[in-house]
Amino acid sequence: MGLLDKEFSDGNILIANVEDLLNWARLSSVWQLGFGLACCAIEMMATSMSHYDFDRFGVIPRNTPRQADAIIISGTVTLKMATRIKRLYEQMPDPKYIISMGSCSNCGGPYWEHGYHVLKGIDRVIPVDVYVPGCPPRPEALLEGLMKLQDKIRNESLRTKSA
Amino acid sequence: MKNAEEIFEILKQQFGDAIIGIDKDTPTEPIISVDPLQIHKVGAYLRETDGLKFDSLMCLSGVDDANGTKVKDAEGYEFIQSGTLSVYYHLHSVELKHKITLKVSAQREDAKVESVENVWKTADWHEREAYDLVGIVFLNHPDLRRILMPYDWADGSHPLRKDYKNPEFYQGMKVPY
Ligand code: SF4
């Protein structure tokens, strides 16, 4: 349901409904908070590099939560860090999205039993939109996760907020 | 360059009863046991004396020996009573290229060991870690705070103790799986 595949009927005028236009704008520029946690963050960085090129989907790392649309929880969330993540999440303006990347942030990962210091799933602290499984997930998997998030944004409605 | 027995003899002469013994029957290198309240003096001597010159503390580790008796409390939770906690010091002399391992043991319920922070600066964070995770208190340490766990982690809760019990919640977050 792209916007631009519609025929231009008259000069420069494009007819679309506001919802589609807004969603299209949002999903095409998901700016992520520049934030990495453990081994998964290495894979997230690889995704940003030229080979996988996160930027072609409109994902640019931002240095402050005030300018970020999404946060990728990429790695082991310790209890100490969880309090900080919550603070960062609260500082992000709406609409905001969360991708949980890797087993650690999904459910505690390898630390699920003996990790006295690990939060067993970031969804105990903040609401997650997309879970990407893997330890670590390959960049392809993270890209797939991003596209899932884009699908979700594409179907959002202005009247009811889903996230 | 000196071997462990020679170093032990030198220390024994200098410090007498503060040097408790030498354990040669270990899979790795011999270990010299020292009085926990004299370790800073022994350390300073090892560092400064000609022919010893241990200028580098390679590692300082806190260990829960778990050699006490296991007791169950009212809720059926098993914990360890009495026994010891130990600190191991791995020393190296860059100049003379020899190594030695020291060990101090303190009572589990009241584990107090003199800090060697003013002998080797490396010991600062290592001792904080041993305090944080095993619960050994280093006397005369300039800044004995937790280093890895959050500062507001429950007092007396040291995760690498063998009878450690994880709390149910931390700041409203559920901890167990
Ligand atoms: S999920 Fe695996 S790769 Fe990712 S942070 Fe955890 S341990 Fe590291």
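So the protein sequences, as listed, match chains A and B. The first sequence begins at 1 in my numbering and counts up by one. The second sequence begins at 164 in my numbering and counts up by one. Glycine is no exception: its CB is placed at the ideal position from the N, C-alpha and C atoms.
query                                                                                                                                                                                             : result
If you draw a straight line from the C-alpha of ASN52(A) to the C-alpha of ARG154(A), how long is it?                                                                                             : Note on residue identity: the sequence assigns Tyr, not Asn, to residue 52(A). C-alpha separation (whole angstroms): 23 Å.
From this set, GLY36(A), ALA46(A) and ARG56(A), which residue's C-alpha is nearest LEU27(A)'s C-alpha?                                                                                            : ARG56(A)
Exposed or buried, what is VAL130(A) when buried is set at 16 or more other beta-carbons lying within 10 Å of its beta-carbon?                                                                    : buried
Would the beta-carbon of TYR327(B) fall within 7 Å of that of LEU307(B)?                                                                                                                          : no
Does the CB of TYR240(B) have a neighbour CB from chain A at under 7 Å?                                                                                                                           : no
Flag this pair as touching only if the segment 260-269 of chain B and the segment 198-209 of chain B have three or more C-beta atom pairs under 8 Å; answer yes or no.                            : yes
Give me the chain B residues within the contact set of LEU88(A), using Cβ-Cβ distance strictly less than 8 Å, ordered along the chain.                                                            : The premise fails here: LEU88(A) is roughly 16 Å from chain B at the closest Cβ pair, so nothing lies under 8 Å.
Mind listing which residues of the segment 67-81 of chain A have their C-beta closer than 7 Å to chain D's C-betas, in chain order?                                                               : Structure shown: chain D not included; protein chains present are A and B.
Any C-beta of chain B within less than 7 Å: which residues of the segment 100-120 of chain A qualify?                                                                                             : GLY108, TRP112, GLU113, TYR116, HIS117, LEU119 and LYS120
Please identify the residue among ARG66(A), ASP20(A), LEU79(A) and ALA38(A) whose C-alpha is closest to the C-alpha of LYS337(B).                                                                 : LEU79(A)
Who pairs with TYR269(B) in a beta bridge, going by DSSP?                                                                                                                                         : Checking the displayed sequence, the identity of residue 269(B) turns out to be Ala instead of Tyr. Bridge partners of ALA269(B): LEU248(B).
Under 5 Å from any heavy atom of ligand 1, by CB: list those residues in chain order, please.                                                                                                     : ALA38(A), CYS39(A), CYS40(A), GLY75(A), THR76(A), GLY102(A), SER103(A), CYS104(A), GLY109(A), CYS135(A) and PRO136(A)
Run the CB neighbour count on THR64(A), radius 10 Å, all protein chains shown included, and call it buried at 16 or more, exposed below.                                                          : exposed
How close, in whole Å, do the beta carbons of GLY75(A) and SER29(A) come, if the pair is a contact with beta carbons under 8 Å?                                                                   : Not really, about 25 Å apart at Cβ, beyond 8 Å.
Taking only beta-carbon positions, decide if ARG84(A) is within less than 7 Å of chain B.                                                                                                         : no
Assuming LEU174(B) contacts ILE195(B) under a Cβ cut-off of 8 Å, what Cβ separation, rounded to an integer in Å, is found between them?                                                           : 7 Å
Is any heavy atom of ligand 2 found at a distance shorter than 6 Å from the C-beta of HIS51(A)?                                                                                                   : The model on display carries ligand 1 but not ligand 2.
Counting only runs that start and end within the segment 250-316 of chain B, where is the beta strand (DSSP E) found for 3 or more residues in a row?                                             : 262-270, 275-277 and 300-302
If contact is defined by three or more beta carbon pairs under 8 Å, each pair taking one atom from either stretch, is the segment 35-42 of chain A in contact with the segment 96-107 of chain A? : yes
Which same chain residues end up closer than 8 Å to PRO110(A) when comparing Cβ atoms and leaving out the 5 residues on each side of it in sequence?                                              : SER103, CYS104 and CYS135
Which residues of chain A have a Cβ atom closer than 7 Å to the Cβ of VAL282(B), listed in chain order?                                                                                           : Simply none; closest approach about 30 Å.
Helix, strand or coil: which one does DSSP assign to VAL30(A)?                                                                                                                                    : coil
In angstroms, rounded to a whole number, what distance separates the CA positions of GLU43(A) and GLY184(B)?                                                                                      : 51 Å
Would you tell me roughly how many angstroms separate the C-alpha atoms of SER320(B) and GLY298(B), rounded to the nearest one?                                                                   : 8 Å
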